[in-house]
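Asker: First the structure, then my questions, so here it is.
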Amino acid sequence: MESHSQETAYRILDASANRVAEGLRTIEEFFRFGLDDPVGTESIKSLRHDLTLAFGKLSRQSLLHSRNTDADVGTTIETPQEYRRSKLSDVLAAAAGRIQQSLRVIEEYGKTIDPIFAKQIEAIRYRAYTLLKDCELKAIRSDRTSKLTDAVLYVLIDCQKSDQALVDSVLRLHEAGVDVFQLRDKSATDRTLIRRGTAAAEALRQTSALLIINDRADIALITGADGVHVGQDELTVAQARRIVGDELLVGVSTHDINQVHEAIAVGADYIGCGPTFPSRTKAFASHAGLDFLAEVHRETKATPRPAFAIGGIDEDNVSQVLDQGFHRIAVTAAIHEANDPAAAATELRKKLCRE
Ligand SMILES: Cc1ncc(COP(=O)(O)OP(=O)(O)O)c(N)n1
Ligand SMILES: Cc1ncsc1CCOP(=O)(O)O
Ligand SMILES: [Mg+2]
């Protein structure tokens with residue numbers, strides 16, 4: 093190849109190698125500090141090491157001579173997306189994209205310099221695909237568990253009259269302080285649940301709120317919701333996971349302490365605890381009551397898991413829930429039967445966050 097073309101190829105290889113190295117570091121830091129994952133951290137480190145080894149075949153001098161950052165017209169071109177990262181998974185998705193593209197660029201231009209080098213880069217690229225997929229999926233899960241950890245107010249909502257009515261309602265309530273929504277509508281058809289769930293999931297995706305689907309793991313997956321909630325007579329956590337995978341959240345209803353220990357042991361991401369008081373939304377022959385909440389608080393200190401008290405909770409009795417050591421609640425009537433649902437959500441949230 094002519095020397096000018098070769099210099100161009102070296103310049104591209106040098107810039108792309110730096111881009112891959114930066115991207116891999118971004119991923120490695122997340123495996124290390126975000127996930128405390130020694131295997132992931134080590135795998136990325138070894139990928140970086142093998143990339144350095146592969147580049148060792150090329151002339152370092154040629155690479156350095158080709159570098160001319162001052163003349164690089166690309167350094168001043170910015171896109172608005174570069175500065176838009178609302179959550180950690182966005183950072184990792186951007187880094188993964190840069191790594192994959194740059195490895196491909198290195199492979200292609202590397203062919204003009206040394207076919208064996210290009211083959212080695214191809215092998216690194218395939219290894220990177222698998223690792224980056226694993227990392228991105230873990231980041232998506234981690235975004236969801238972080239939102240859940242911060243959540244205090246969880247509202248069950250039915251399908252409403254239309255997709256738009258549901259979207260308007262969840263956005264208004266989220267603005268007013270609701271962290272988690274559960275689409276729970278026992279009389280809706282599957283098609284309606286899917287349409288409503290998809291619309292709500294899309295509307296909430298770029299917010300800090302979560303959308304959970306009641307009972308139906310299949311619909312949670314299809315709609316792009318954040319998780320599914322299952323009861324004691326429904327899918328087990330393991331069965332739900334077989335459908336939704338590890339990225340979605342699985343919540344479980346519990347009515348006694350054995351169910352709580354079991355739910356935690358099998359990997360529920362959160363638990364619903366109740367019924368606490370008589371409910372206008374669902375009738376029960378008996379109530380687990382406040383003593384159950386106190387017991388859950390006492391008995392799960394060693395295995396903490398977000399726990400939402402549920403059943404007949406409203407502005408007047410929420411202080412009794414707080415007194416049992418619970419600061420998370422799930423409600424229906426307290427919001428939807430209020431004259432002003434958004435104001436009711438704000439008031440409840442204030443009470444939950446007062447301590
Ligand atoms: C947060 C939360 N907790 C408990 C329940 C009740 O679930 P389940 O016992 O399965 O009853 P149904 O909701 O299916 O009638 C819940 N939905 N959400
Ligand atoms: C679904 C469910 N499971 C236990 S209580 C309950 C209903 C919660 O609604 P409300 O807050 O109106 O009692
Ligand atoms: Mg259920």
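Residue numbering for the sequence shown follows our numbering, starting at 93 and increasing by one per position.
The beta-carbon is built from N, C-alpha and C at its ideal position, and this holds for glycine as well.
From a predicted model like this one, the values you see are computed outputs, not experimental measurements.
Considering only C-alpha positions, which residue in the set Pro433, Asp348 and Asp282 is nearest to Arg308?
Answerer: In the sequence shown, counting from the first residue as 1, residue 308 sits at position 216. Ranking Pro433, Asp348 and Asp282 by CA distance to the CA of Arg308 puts Asp282 first.
Asker: Which stretch, first to last residue, makes up the beta strand (DSSP E) that contains His321?
Answerer: Taking the sequence shown and counting its residues from 1, one reaches residue 321 at position 229. Run containing His321: Gly319 to Val322, per the beta strand (DSSP E) assignment.
Asker: Between the Cα of Arg217 and those of Leu248, Val112 and Asp235, spot the shortest distance and give me the residue it belongs to.
Answerer: One-based indexing of the sequence shown puts residue 217 at position 125. Nearest option by C-alpha distance: Val112.
Asker: Starting from the C-beta of Arg297, find all residues in its chain whose C-beta is less than 8 Å away, skip the five residues before and the five after it, and write them out in chain order.
Answerer: Numbered from 1 along the sequence shown, position 205 holds the residue referred to as residue 297. Within the same chain, Arg297 has close Cβ partners Gly316.
Asker: Can you tell me where the alpha helix (DSSP H) holding Cys251 begins and where it ends?
Answerer: As a first step, residue 251 must be located in the sequence shown, where it is residue number 159. No alpha helix (DSSP H) contains Cys251, which DSSP labels as neither H nor E.
Asker: Does DSSP classify Gly202 as helix, strand or coil?
Answerer: To locate residue 202, count along the sequence shown from 1; it is residue 110. Correct three-state label for Gly202: helix.
Asker: How would you call Gln256, buried or exposed, if buried means at least 16 neighbouring beta carbons within 10 angstroms?
Answerer: Translated into positions along the sequence shown, residue 256 becomes position 164. Exposed.
Asker: CB of Gly403 to nearest heavy atom of ligand 2: below 7 Å?
Answerer: The residue labelled residue 403 in the question sits at position 311 within the sequence shown. Because some heavy atom of ligand 2 lies under 7 Å away, the Cβ of Gly403 counts as near it: yes.
Asker: Tell me where the alpha helix (DSSP H) around Gly289 begins and ends.
Answerer: Mapped onto the sequence shown, residue 289 falls at position 197. First-last of the alpha helix (DSSP H) with Gly289: Asp282 to Leu296.
Asker: Shorter than 7 Å, the distance from the beta carbon of Ser371 to the closest heavy atom of ligand 2, or not?
Answerer: For the purposes of this step, residue 371 is taken as residue 279 along the sequence shown, with counting starting at 1. Checking every heavy atom of ligand 2 against the Cβ of Ser371, one is found closer than 7 Å.
Asker: With a Cβ-Cβ cutoff of 8 Å, do Thr373 and Thr290 count as a contact?
Answerer: Against the sequence shown, residue 373 aligns to sequence position 281. Against the sequence shown, residue 290 aligns to sequence position 198. No, Cβ-Cβ distance for Thr373 and Thr290 is not below 8 Å.
Asker: Would you grab the beta carbon distance between Ala332 and Thr346 for me? Rounded to a whole angstrom, and I think it's under 8 Å.
Answerer: Translated into the one-based positions of the sequence shown, residue 332 becomes position 240. Translated into the one-based positions of the sequence shown, residue 346 becomes position 254. That pair is no contact at about 15 Å.
Asker: To the nearest angstrom, how far is it from the Cα of Gly202 to the Cα of Leu105?
Answerer: On the sequence shown, position 110 is the one that residue 202 refers to. On the sequence shown, position 13 is the one that residue 105 refers to. Roughly 7 Å separates the two Cα atoms.
Asker: Threshold first: 4 residues or longer. Then list the alpha helix (DSSP H) segments lying entirely within the region 387 to 424, N to C.
Answerer: Whole alpha helix (DSSP H) segments, 4+ residues: 410 to 415.
Asker: Out of Ala360, Gln274, Pro398 and Arg446, which has the shortest C-alpha to C-alpha gap to Glu339?
Answerer: Here residue 339 refers to the residue found at position 247 when the sequence shown is read from its first residue. That would be Ala360, whose Cα lies nearest to the Cα of Glu339.
Asker: Using DSSP's beta-bridge definition, name the partner residues of Leu303.
Answerer: For the purposes of this step, residue 303 is identified with residue 211 of the sequence shown, where counting begins at 1. Beta-bridge pairing links Leu303 to Phe273.
Asker: Excluding the 5 residues preceding and the 5 following Asn409 in the sequence, name in chain order all residues of the same chain whose CB lies nearer than 7 Å to its CB.
Answerer: Within the sequence shown, numbered from 1, the residue matching residue 409 stands at position 317. Closer than 7 Å at the Cβ level, and outside the excluded window around Asn409, lie Phe369.
Asker: Relative to the C-alpha of Leu263, which residue among Gln192, Ala430, Ala292 and Ile349 is closest?
Answerer: Mapped onto the sequence shown, residue 263 falls at position 171. The option with the nearest alpha carbon to Leu263 is Ala292.
Asker: Would you mind sorting Glu114 into buried or exposed? The rule is 16 or more other CB atoms within 10 Å of its CB.
Answerer: On the sequence shown, position 22 is the one that residue 114 refers to. Glu114 comes out exposed.
Asker: Counting pairs of Cβ atoms below 8 Å between the region 229 to 244 and the region 192 to 201, do you hit three or more?
Answerer: no
Asker: Check for me: the alpha helix (DSSP H) holding Leu444 runs from which residue to which?
Answerer: Reading the sequence shown from its first residue, position 352 is the one you call residue 444. Residues Pro433 to Cys445.
Asker: Is it right to say Pro207 is buried, meaning 16 or more other beta carbons lie within 10 angstroms of its own, or is it exposed?
Answerer: Position 115 of the sequence shown holds residue 207. Classification for Pro207: exposed.
Asker: What I want to know is whether the C-beta of Gly316 ends up closer than 7 Å to one or more non-hydrogen atoms of ligand 1.
Answerer: For the purposes of this step, residue 316 is identified with residue 224 of the sequence shown, where counting begins at 1. Outside the cutoff, so no.
Asker: Tell me the DSSP secondary structure of Val259 in three-state form.
Answerer: Taking the sequence shown and counting its residues from 1, the one referred to as residue 259 is at position 167. Looking at Val259 - three-state DSSP - the assignment turns out to be helix.
Asker: Nearer than 7 Å: is that true of the beta carbon of Ala425 relative to any heavy atom of ligand 2?
Answerer: Taking the sequence shown and counting its residues from 1, the one referred to as residue 425 is at position 333. Result yes, Cβ under 7 Å from ligand 2.
Asker: Gly366: beta carbon under 7 Å from a heavy atom of ligand 2?
Answerer: As a first step, residue 366 is located in the sequence shown; it is residue number 274 there, counting from the start. Yes.
Asker: For the alpha helix (DSSP H) containing Thr315, name the first residue and the last one.
Answerer: Locating residue 315 in the sequence shown gives position 223, where the first residue counts as 1. Start and end: Ala309 to Thr315.
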